[in-house]
Amino acid sequence: MQGDESRSHATCADLGGQNAINKSQHALFSKLTQGWLLRRHDEGISAITERLDHLYGLVSIRLIGQEARIFEEPPGYLPELPPLRDYPLDESIISRHWRKEFPFMTIQTPSMMCLLDLNPRLAAQLVAKERTDVSALSTPNDALGFAFQYEDAIRAFGDFYDRMHHWYPIFSSETFDFYLEKLTSPLIPSSDACILLLVAAIGSVAQCPSLTEAYDTRPDSRYISKALSKPCQAHDYILMASSKAQAILKCRLFEDDERQSDILRRSFWSILLIESDLSYHIDMPESNIWKFDDRILLPGVQTSWQPCYEDQRKLLYSMRPSNSFGMPSDTVKAYFLAQIAMCRMVRRCTTSVIVSQGQERYSSVVAMELTYQLDTWHSHLPLSIRFEHHDVAVALPDDFVKSVSSSRTSSVIAVTGFLQMQYYLCFAGIYWPAVHSVISTGTLEAAPIADCKRFFESYVHFVITAASVIPNCPHNPWSIYANLFITTMACFKGANDPCFRSTIEPDVRRCFAIVAELFKIGDAVKVSPAIAKLGLILRERVSGPY
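Numbering (the numbering used here), first residue to last: 6 to 551.
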């Protein structure tokens with residue numbers, strides 16, 4: 006019995022000891038596991054930190070007085086960049102490959118600015134110059150006390166109809182009735198009142214021969230100065246309009262109302278044209294409206310696009326006598342549809358390059374196809390707005406700029422000239438890569454000489470047409486001047502390249518002087534800080550020795 010008890014106690018002691026050992030081993034295992042997990046955790050955090058530092062290094066190219074350096078990991082991801090002024094800064098949303106990008110003819114292409122020996126941040130600087138002080142956008146505390154004279158308001162509508170409506174025909178035939186109704190009722194702040202004031206204000210300015218005269222003679226000049234030639238503010242508003250139009254189209258709000266749907270389509274395409282003009286050169290955000298250009302139908306041509314009924318035109322005639330009042334409805338439709346097609350062409354004109362051995366190079370085959378598309382567009386224009394090609398043999402008079410700056414033409418001639426200007430601008434964009442190929446390689450064999458010649462010829466035609474168009478296209482002077490600047494700077498670069506210098510026609514250099522004069526005397530230059538800055542840069546460049 007005692008022996009059994011002794012053996013039992015010994016067994017319990019052994020089990021207790023084994024249990025203690027097991028607990029000790031478990032504690033040790035737990036401690037080792039926790040230590041391993043902590044080390045793995047620290048290593049993970051360290052790896053994440055290193056990766057974040059690496060990513061930060063990739064997007065933060067510091068070039069402030071030092072050589073730009075890219076972090077080495079992963080090896081060969083990007084080569085070390087040579088020093089170049091101080092752009093981009095630590096915070097930037099431009100592509101980190103911007104130095105490798107092809108220098109297309111836009112101000113917001115940094116590689117193009119570098120090719121022209123300009124600050125690659127020029128587009129951002131223009132935006133900063135154009136931005137309005139926030140205090141100027143605050144709501145006034147006191148009522149402005151507007152008083153409309155009935156006859157003056159009718160004349161303002163007539164001038165709006167005559168000079169502005171055809172560019173963006175968004176109003177329906179009921180607009181004039183609405184306008185008259187609001188004139189005779191209290192002007193309470195609302196969207197309706199805003200439309201009334203916009204039409205009246207634009208029409209009032211359109212009555213003046215020039216923006217300069219509007220500033221000098223009109224009593225509301227201080228309000229005009231807050232609105233005219235303000236591309237950044239216009240872009241802000243057009244982004245809001247774009248978002249609204251896209252939202253309405255997505256929810257199919259007017260799906261069962263064909264009349265309202267057609268007005269919405271005209272508004273959509275007008276918004277697309279305005280946004281494209283404003284954002285083509287300056288570095289501004291986009292509304293992604295181009296995602297829908299192949300999904301939204303073009304406006305119908307069966308209904309009237311005039312902002313008044315036919316019998317109401319007599320009232321407008323009597324209030325504002327004119328030999329040519331308003332553009333014929335069919336011509337308005339033809340121009341608007343042609344302009345939409347041209348806007349698409351302008352977006353494609355930068356595609357005359359192909360990727361070869363990792364580099365974008367000029368392709369004469371692609372340029373030939375784009376030229377064919379452009380000529381097909383021209384051949385399909387109705388006779389009312391089809392323009393003739395310029396005769397290169399015609400000599401320009403000495404007072405060319407002065408003669409065209411004071412000439413005010415009919416609306417039909419104005420839209421025809423505007424399409425012609427864009428036609429030659431598109432040609433220049435197609436063949437600029439050919440000129441750049443010669444400049445970058447230093448040999449004429451880099452591109453067909455005939456293609457390079459077409460660029461310089463297109464530039465001359467563009468400048469001549471643009472000079473004639475500016476006085477009669479008050480809806481987008483910013484875009485015209487920006488295009489004049491970039492094409493002239495590109496052409497000047499090519500004309501002074503050793504490969505081309507001896508082959509340049511005198512008309513090309515004459516156009517340099519014409520553009521410099523346009524930037525000196527133009528109305529928009531006097532009211533737009535950005536255009537004035539571009540003018541200073543251009544005149545300083547082209548006035549130097551050739």
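Just so you know, even glycine gets a beta-carbon here, dropped at the ideal spot from N, CA and C. All values derive from a computational prediction rather than experimental measurement.
C-alpha distance - residue i paired with residue j, whole-angstrom precision
{"i": "Asn488", "j": "Ala521", "result": "13 Å"}
{"i": "Arg514", "j": "Arg544", "result": "13 Å"}
{"i": "Met118", "j": "Thr355", "result": "16 Å"}
{"i": "Ser215", "j": "Gln427", "result": "23 Å"}
{"i": "His240", "j": "Ser507", "result": "43 Å"}
{"i": "Thr222", "j": "Ile287", "result": "32 Å"}
{"i": "Ala133", "j": "Phe273", "result": "28 Å"}
{"i": "His441", "j": "Glu186", "result": "58 Å"}
{"i": "Asp380", "j": "His394", "result": "11 Å"}
{"i": "Cys478", "j": "Ser284", "result": "18 Å"}
{"i": "Asp182", "j": "Glu156", "result": "15 Å"}
{"i": "Ala161", "j": "Asp197", "result": "17 Å"}
{"i": "Arg366", "j": "Ser323", "result": "60 Å"}
{"i": "Gly163", "j": "Tyr220", "result": "21 Å"}
{"i": "Ser410", "j": "Asp403", "result": "13 Å"}
{"i": "Met347", "j": "Thr421", "result": "12 Å"}
Coarse secondary structure for residue i, derived from DSSP in three states
{"i": "Val513", "result": "helix"}
{"i": "Gln212", "result": "coil"}
{"i": "Val360", "result": "strand"}
{"i": "Leu142", "result": "Because Leu142 sits at a pLDDT of 49, beneath the cut-off of 50, its placement in the model cannot be relied upon, and the following sentence gives the value as read from the coordinates. Helix at Leu142."}
{"i": "Tyr428", "result": "helix"}
{"i": "Ile536", "result": "helix"}
{"i": "Tyr367", "result": "strand"}
{"i": "Lys531", "result": "helix"}
{"i": "Cys119", "result": "helix"}
{"i": "Tyr173", "result": "coil"}
{"i": "Met289", "result": "coil"}
{"i": "Gln71", "result": "With a pLDDT of 36 at Gln71, under the threshold of 50, the modelled position of this residue cannot be trusted; read the value that follows with caution. Residue state, collapsed to three classes: coil."}
{"i": "Ala487", "result": "helix"}
{"i": "Ser190", "result": "coil"}
{"i": "Ala128", "result": "helix"}
{"i": "Cys504", "result": "coil"}
{"i": "Cys478", "result": "coil"}
{"i": "Asp91", "result": "With a pLDDT of 46 at Asp91, under the threshold of 50, the modelled position of this residue cannot be trusted, and the question is left open."}
{"i": "Met110", "result": "coil"}
{"i": "Gly219", "result": "Reading off the sequence shown, one finds Ala at residue 219, where the question assumed Gly. Three-state result, Ala219: helix."}
{"i": "Phe181", "result": "helix"}
{"i": "Pro438", "result": "helix"}
Burial state of residue i (16 or more Cβ within 10 Å)
{"i": "Thr492", "result": "buried"}
{"i": "Ala535", "result": "buried"}
{"i": "Lys235", "result": "buried"}
{"i": "Arg413", "result": "exposed"}
{"i": "Glu280", "result": "buried"}
{"i": "Pro290", "result": "exposed"}
{"i": "Gln154", "result": "exposed"}
{"i": "Ala455", "result": "exposed"}
{"i": "Pro482", "result": "buried"}
{"i": "Gln307", "result": "exposed"}
{"i": "Leu373", "result": "In the sequence as presented, Leu is not what sits at residue 373; that position holds Met. Exposed, because fewer than 16 other Cβ atoms sit within 10 Å of the Cβ of Met373."}
{"i": "Gly81", "result": "Legend: pLDDT at Gly81 = 38, less than 50; position of this residue unreliable, value from coordinates given subsequently. With fewer than 16 Cβ atoms within 10 Å of its Cβ, Gly81 is classed as exposed."}
{"i": "Ser266", "result": "buried"}
{"i": "Pro312", "result": "buried"}
{"i": "Ile469", "result": "buried"}
{"i": "Gln425", "result": "buried"}
{"i": "Val370", "result": "exposed"}
{"i": "Cys256", "result": "exposed"}
Residue i beta carbon near the ligand HEM (any heavy atom closer than 6 Å)
{"i": "Trp310", "result": "Among the components modelled here there is no ligand, and therefore nothing to report on the ligand HEM."}
Residue i and residue j closer than 7 Å at C-beta
{"i": "Tyr464", "j": "Cys431", "result": "no"}
{"i": "Ala205", "j": "Arg168", "result": "no"}
{"i": "Met332", "j": "Ser275", "result": "no"}
{"i": "Gly540", "j": "Val530", "result": "yes"}
{"i": "Phe217", "j": "Asp528", "result": "The amino acid occupying residue 217 in the given sequence is Thr; Phe does not appear at that position. In this structure, Asp528 lies closer than 7 Å to Thr217 by Cβ."}
{"i": "Phe517", "j": "Val474", "result": "no"}
{"i": "Pro304", "j": "Val358", "result": "no"}
{"i": "Leu375", "j": "Ile435", "result": "yes"}
{"i": "Ser562", "j": "Ser389", "result": "No answer is possible for residue 562: it lies beyond the span of the chain, which begins at 6 and ends at 551."}
{"i": "Leu277", "j": "Ile294", "result": "yes"}
{"i": "Ile444", "j": "Asp502", "result": "yes"}
{"i": "Leu244", "j": "Ser190", "result": "no"}
{"i": "Leu121", "j": "Met494", "result": "yes"}
{"i": "Phe165", "j": "Ile207", "result": "yes"}
{"i": "Ala433", "j": "Phe467", "result": "yes"}
message = Suppose only complete runs of 4+ residues qualify. What are the alpha helix (DSSP H) ranges in the stretch 292 to 344, listed by chain order?
response = 318 to 324
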